[in-house]
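Engineer: Just passing along the structure, written as structure tokens.
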Amino acid sequence: MLSEYSDTSDNEMDLNDQIIRQLKNIHFDPINSNINQDDKLSNIIEQNIIKDYKYDYYRGIVDVTLTSDINKNDNIKKELLELGWVNSVNIFVEKKIESRKNASIEDKRNEILLSLSKVIDPDLNKDIVSCGFVKDLYFDPESSEVSFTLELTTPICPLKDLFEKSCTEIIKNDRIYVKEVNIKFTSKSSKKNQIISKEKTHKNLEAVSNIIAISSCKGGVGKSTLAVNIAFTLSQLGAKVGIVDCDLYGPNLEQLVPMESNTVFYKKPSNETEEIRTKLNKRGLSKTNNAIIPNNNLREGFIPLIYKGVQLISYSYLLNTKSDSNSSSKVSSILRGPIAGSIVTQLITGTVWEDLDYLVLDFPPGTGDIQLSIAQSIAIDGAIIVTTPQDLSIADVERGIHLFNKLNIPILTVVENMSYFICDGCEKRHEIFSKGDFSLITEKYGLEPNFNFPLFSNLSKCKFHSNSNEVDFPYVIAANKNDSVYLEFVKLSEFIARKLSKNRYSDYKPNFEFDNNRKIVICQIPKDIKEIFVQENTIDPLVKFNVSYIDIRKLCRCAICYDPGKARFNETYEPSTLLIDQIETMGSYAIMINWSDGHTSIISYNNLIKIFVNKEDEVKLCQNELLTW
23 MLSEYSDTSD NEMDLNDQII RQLKNIHFDP INSNINQDDK LSNIIEQNII
73 KDYKYDYYRG IVDVTLTSDI NKNDNIKKEL LELGWVNSVN IFVEKKIESR
123 KNASIEDKRN EILLSLSKVI DPDLNKDIVS CGFVKDLYFD PESSEVSFTL
173 ELTTPICPLK DLFEKSCTEI IKNDRIYVKE VNIKFTSKSS KKNQIISKEK
223 THKNLEAVSN IIAISSCKGG VGKSTLAVNI AFTLSQLGAK VGIVDCDLYG
273 PNLEQLVPME SNTVFYKKPS NETEEIRTKL NKRGLSKTNN AIIPNNNLRE
323 GFIPLIYKGV QLISYSYLLN TKSDSNSSSK VSSILRGPIA GSIVTQLITG
373 TVWEDLDYLV LDFPPGTGDI QLSIAQSIAI DGAIIVTTPQ DLSIADVERG
423 IHLFNKLNIP ILTVVENMSY FICDGCEKRH EIFSKGDFSL ITEKYGLEPN
473 FNFPLFSNLS KCKFHSNSNE VDFPYVIAAN KNDSVYLEFV KLSEFIARKL
523 SKNRYSDYKP NFEFDNNRKI VICQIPKDIK EIFVQENTID PLVKFNVSYI
573 DIRKLCRCAI CYDPGKARFN ETYEPSTLLI DQIETMGSYA IMINWSDGHT
623 SIISYNNLIK IFVNKEDEVK LCQNELLTW
């Protein structure tokens with residue numbers, strides 16, 4: 023209940039305090055009402071008439087749930103609308119269904135939904151009812167059983183079991199008339215529901231939900247090995263997955279997934295049959311008659327190979343296609359940059375992909391024409407940067423960060439490969455290349471190598487022979503499911519699924535505004551919630567704070583402003599004339615500030631929150647934008 027609140031002064035008031043103060047202004051006389059006479063107190067808060075409330079600050083909406091109808095709806099609305107940020111007030115009455123045997127099924131259904139609205143999705147920072155997850159809810163009065171479907175954002179949601187447990191517990195605790203809870207799980211359609219520019223829309227990609235780029239700016243870091251194993255791990259977890267080998271100069275997919283037959287067919291729809299053709303030339307992809315199969319749709323393009331449920335396409339499959347199926351000769355690729363970029367783009371958009379939850383693009387190393395051509399033609403949902411502990415590789419990570427920032431592609435995480443070695447004799451962990459110094463990347467961008475893969479002999483193999491002489495590949499298909507390296511792939515794949523869903527479906531995005539008159543940056547960053555939880559009242563999903571220009575400039579970690587050897591900040595500006603020209607967000611990890619003196623600073627969200635939030639002496643600002651102090 024909401025009975026223990028104290029008044030606070032305006033300059034210390036947060037949103038909850040504002041709402042409570044206004045509700046305390048409403049008094050109710052319980053005489054001739056359904057409120058017990060013993061509860062006669064001064065206002066509706068102290069009488070526990072307010073069951074709970076929720077608010078959406080940005081849309082100016084407040085939802086209030088009452089324990090009983092007291093005919094004070096107009097008074098409640100009037101008081102809350104006096105808050106400058108409130109535009110709309112919705113009032114609901116929670117009926118005590120447990121004490122009324124003849125309550126309608128619809129009433130009970132609404133009460134169950136009210137209970138489910140307390141379960142918060144940690145990635146979207148919203149309750150599962152508001153997220154639209156709850157579908158087809160039905161209450162059977164004879165069996166006292168509740169059944170419904172939870173439509174999650176991905177078929178491999180790692181929080182599925184926790185959702186089931188939380189929903190079951192909250193319903194049984196809140197609604198004593200419910201004896202059993204049955205939950206089915208589905209996922210949202212694999213088709214993209216976001217707005218994509220016309221030039222980045224392709225018919226063959228319409229059934230692809232998420233496109234992931236696996237990148238490294240330095241060759242030889244094991245990027246392709248990780249990309250293939252990530253794709254097959256996502257598939258093992260239950261997703262529909264495809265992978266494209268985007269490296270024309272050194273394609274590896276044919277070796278990493280060494281199938282006996284790798285002939286790729288091209289299909290062109292006609293009235294009754296599809297013409298299957300294979301051929302390409304130096305200027306791109308062309309077609310020639312080769313075979314006939316039944317027509318099943320109107321799309322045209324290459325038919326991807328399929329292994330263990332994963333759809334595959336590579337330039338090497340096309341280069342090595344011969345009339346003699348026994349021929350295994352390799353043809354080198356000597357192509358200029360613009361032509362290479364065009365061919366890879368055609369390879370991705372010209373393949374007839376079936377419904378896919380994830381399409382993995384194994385980028386070539388570097389930041390060249392192929393990467394630029396793909397990003398300019400295709401809407402990529404997120405990138406993973408692969409590196410190793412060497413200083414050269416870590417330095418190249420920063421180049422990759424800038425590339426994806428310029429291309430407006432969010433970085434999902436940084437993966438450190440060859441991070442360590444476990445001795446098979448003493449089981450001791452050895453960091454052969456020394457521990458990677460990611461301090462600059464972490465300090466500047468807020469990105470850390472949260473996933474580390476060891477120097478591991480099995481990751482260097484392409485084929486694995488079992489005791490029954492069967493051959494499996496790649497590593498995650500043949501691995502022991504308790505193996506630590508396999509579990510790291512599972513952990514990484516689940517993180518990818520959660521991060522992509524959060525980026526797409528969350529209503530709460532980072533927002534930064536600057537005021538050159540007051541010389542402050544107004545920051546709003548989504549809270550990082552790790553696990554599902556049950557919340558009686560809506561929490562604010564954003565961390566909100568203001569930072570002065572001087573304080574935020576001191577967080578710059580560029581070579582001009584900061585001397586890491588002396589841990590000293592070099593003041594290179596005149597504070598009295600310092601202004602901001604522009605602020606840009608860099609994915610979900612940092613902001614880039616263009617200053618009036620021509621300097622550019624990159625500040626991570628982690629640093630901003632760590633230094634300027636949750637300080638004991640912090641003074642809360644009033645949220646009423648109509649008031650000035």
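In case it helps, the working numbering puts the sequence shown at residues 23 to 651. All residues carry an ideal CB built from backbone N, CA and C; glycine is no exception.
(1) Identify the continuous beta strand (DSSP E) that holds S598 and give its terminal residues.
(2) In whole angstroms, what separates the C-alpha of A581 from that of I463?
(3) Output the distance between the C-alpha atoms of D446 and S479, rounded to the nearest integer angstrom.
(4) What's the gap between the Cα of E516 and the Cα of C179?
(5) Counting C-beta neighbours from all protein chains within 10 Å, is the total for M281 16 or more, i.e. buried, or is it exposed?
(6) How long is the line joining the alpha carbons of Q40 and K140, rounded to whole angstroms?
(7) Tell me whether the stretch 225–233 and the stretch 194–202 touch, counting them as touching only if at least three CB pairs, one residue from each stretch, are closer than 8 Å.
(8) Hey, E173 and K210 are a contact pair by Cβ (cut 8 Å); roughly how many whole angstroms apart?
(9) Which first and last residues belong to the alpha helix (DSSP H) in which V507 is found?
(10) Leaving aside the five residues before and after F534 along the sequence, list all residues of the same chain whose C-beta is less than 8 Å from its C-beta, in chain order.
(11) Cutting at 7 Å between CB atoms, please list the residues of its own chain near C484, excluding the five before and the five after it.
(12) Relative to the C-alpha of F634, which candidate in N502, S283, I407 and L577 has its C-alpha closest?
(13) Classify D550 as buried or exposed, calling it buried when 16 or more other Cβ atoms lie within 10 Å of its own Cβ.
(14) Return the bridge partner residues of H487 from the DSSP annotation.
(15) Span of the alpha helix (DSSP H) holding Y182?
(16) Under 6 Å Cβ to Cβ from L477, same chain only, skipping five residues before and after it: list those, please.
(17) Can you tell me whether E276 is helix, strand or coil according to DSSP?
(18) DSSP beta-bridge partners for T699?
(19) So, are the CB atoms of F475 and I416 less than 8 Å apart?
(20) Return helix, strand or coil for H224, following the three-state DSSP convention.
(21) Output the distance between the C-alpha atoms of N616 and V437, rounded to the nearest integer angstrom.
(22) Measuring alpha carbon to alpha carbon, tell me which of F207, W375, F473 and I631 ends up nearest H695.
(23) Just checking, does the stretch 261–276 make contact with the stretch 521–540 on the three C-beta pairs under 8 Å criterion?
(24) Who does H452 pair with in a DSSP beta bridge?
(25) Check whether the Cβ atoms of I602 and N502 sit closer than 8 Å, and answer yes or no.
(26) Take the Cβ of R81 as the centre, count every other Cβ of all protein chains shown within 10 Å, and call the residue buried at 16 or more, exposed below.
(27) Can you check whether the CB of S626 is closer than 8 Å to the CB of K466?
(28) Looking at I406: is its Cβ nearer than 8 Å to the Cβ of I236?
(29) Within the continuous beta strand (DSSP E) that includes I547, where are the two ends?
(30) With H, G and I counted as helix, E and B as strand and the rest as coil, what does DSSP make of P476?
(31) Roughly how many angstroms separate the alpha carbons of L256 and V493, rounded to a whole number?
(32) Checking the sheet assignment: what are the DSSP bridge partners for Y160?
(33) Only counting the same chain, and skipping five residues up and downstream in sequence, which positions put a Cβ closer than 6 Å to that of L105?
(34) Which first and last residues belong to the alpha helix (DSSP H) in which L102 is found?
(35) Is the distance from the Cβ of I370 to the Cβ of I400 below 8 Å?
(36) Measure how close the beta-carbons of C239 and G422 come, nearest whole angstrom, since I'm counting them as under 8 Å.
Structural biologist: By the coordinates alone:
(1) Here residue 598 is taken as the residue at index 576 of the sequence shown, counted from 1. No beta strand (DSSP E) contains S598, which DSSP labels as neither H nor E.
(2) As a first step, residue 581 must be located in the sequence shown, where it is residue number 559. As a first step, residue 463 must be located in the sequence shown, where it is residue number 441. Cα to Cα, A581 sits roughly 13 Å from I463.
(3) The residue you call residue 446 lines up with position 424 of the sequence shown. The residue you call residue 479 lines up with position 457 of the sequence shown. Taking the straight line from one Cα to the other gives about 11 Å.
(4) Your numbering for residue 516 matches position 494 in the sequence shown. Your numbering for residue 179 matches position 157 in the sequence shown. In a straight line, the C-alpha of E516 is about 7 Å away from that of C179.
(5) By one-based count along the sequence shown, residue 281 stands at place 259. The residue is exposed, with fewer than 16 neighbouring Cβ atoms inside 10 Å.
(6) Residue 40 sits at position 18 when you count from the first residue of the sequence shown. Residue 140 sits at position 118 when you count from the first residue of the sequence shown. Those two C-alpha atoms are separated by around 22 Å.
(7) no
(8) For this step, residue 173 is matched to residue 151 along the sequence shown. For this step, residue 210 is matched to residue 188 along the sequence shown. Going by Cβ atoms, the distance from E173 to K210 rounds to 6 Å, so yes, they are a contact pair.
(9) By 1-based counting over the sequence shown, the position of residue 507 is 485. Element bounds for V507: S506 to Y527.
(10) On the sequence shown, residue 534 is found 512 positions in, with the first residue counted as 1. Excluding positions up to five away in sequence, the list reads V543, I544, C545, Q546, I605, T607 and I613.
(11) Working through the sequence shown from its first residue, we reach residue 484 at position 462. Taken in chain order, the residues that qualify are Q277, L278, P280 and F495.
(12) Within the sequence shown, the letter at position 612 stands for residue 634. When only C-alpha atoms are compared, the closest one is L577.
(13) Position 528 of the sequence shown, counted from the first residue, corresponds to residue 550. The residue is exposed, with fewer than 16 neighbouring Cβ atoms inside 10 Å.
(14) On the sequence shown, residue 487 is found 465 positions in, with the first residue counted as 1. In the DSSP output, where bridge partners are listed per residue, H487 has V493.
(15) For this step, residue 182 is matched to residue 160 along the sequence shown. In the sequence on display, residue 182 carries Lys and not Tyr. K182 to D196 is the extent of the alpha helix (DSSP H) around K182.
(16) The residue labelled residue 477 in the question sits at position 455 within the sequence shown. Result list for L477: M440 and F443, in chain order.
(17) Within the sequence shown, residue 276 is the residue found at index 254, counting from 1. If DSSP states are grouped into helix, strand and coil, E276 belongs with the helices.
(18) Outside the displayed range of the chain (23 to 651) lies residue 699, so it cannot be described from this structure.
(19) Taking the first residue of the sequence shown as 1, we reach residue 475 at position 453. Taking the first residue of the sequence shown as 1, we reach residue 416 at position 394. Not closer than 8 Å, so no.
(20) Taking the sequence shown and counting its residues from 1, the one referred to as residue 224 is at position 202. The answer is coil: DSSP assigns H224 none of H, G, I, E or B.
(21) For the purposes of this step, residue 616 is identified with residue 594 of the sequence shown, where counting begins at 1. For the purposes of this step, residue 437 is identified with residue 415 of the sequence shown, where counting begins at 1. Each residue's Cα considered, the two are about 29 Å apart.
(22) Residue 695 falls outside the range modelled here, since the chain spans only 23 to 651, and no answer is possible.
(23) no
(24) Working through the sequence shown from its first residue, we reach residue 452 at position 430. For H452, which the question treats as bridged, DSSP gives the partners F443.
(25) The residue labelled residue 602 in the question sits at position 580 within the sequence shown. The residue labelled residue 502 in the question sits at position 480 within the sequence shown. No, they are not a contact pair.
(26) In the sequence shown, the residue the question calls residue 81 occupies position 59. So R81 ends up on the exposed side.
(27) Taking the first residue of the sequence shown as position 1, residue 466 is located at position 444. Taking the first residue of the sequence shown as position 1, residue 626 is located at position 604. Yes, these two residues count as a Cβ contact at 8 Å.
(28) Here residue 406 refers to the residue found at position 384 when the sequence shown is read from its first residue. Here residue 236 refers to the residue found at position 214 when the sequence shown is read from its first residue. Cβ atoms of I406 and I236: closer than 8 Å.
(29) Translated into the one-based positions of the sequence shown, residue 547 becomes position 525. Unbroken beta strand (DSSP E) run through I547: I542 to P548.
(30) Within the sequence shown, numbered from 1, the residue matching residue 476 stands at position 454. Correct three-state label for P476: coil.
(31) For this step, residue 256 is matched to residue 234 along the sequence shown. For this step, residue 493 is matched to residue 471 along the sequence shown. Rounded to whole angstroms, L256 to V493 spans 21 Å at the Cα level.
(32) Taking the sequence shown and counting its residues from 1, one reaches residue 160 at position 138. S169, per the DSSP bridge assignment.
(33) Residue mapping note: residue 105 aligns to position 83 of the sequence shown, counting from 1. Contacts found: Q40.
(34) Here residue 102 is taken as the residue at index 80 of the sequence shown, counted from 1. Counting along the chain, the alpha helix (DSSP H) containing L102 begins and ends at N95 to L103.
(35) To locate residue 370, count along the sequence shown from 1; it is residue 348. To locate residue 400, count along the sequence shown from 1; it is residue 378. Going by C-beta atoms, I370 is nearer than 8 Å to I400.
(36) Taking the first residue of the sequence shown as position 1, residue 239 is located at position 217. Taking the first residue of the sequence shown as position 1, residue 422 is located at position 400. Sure, about 5 Å apart at Cβ, within 8 Å.
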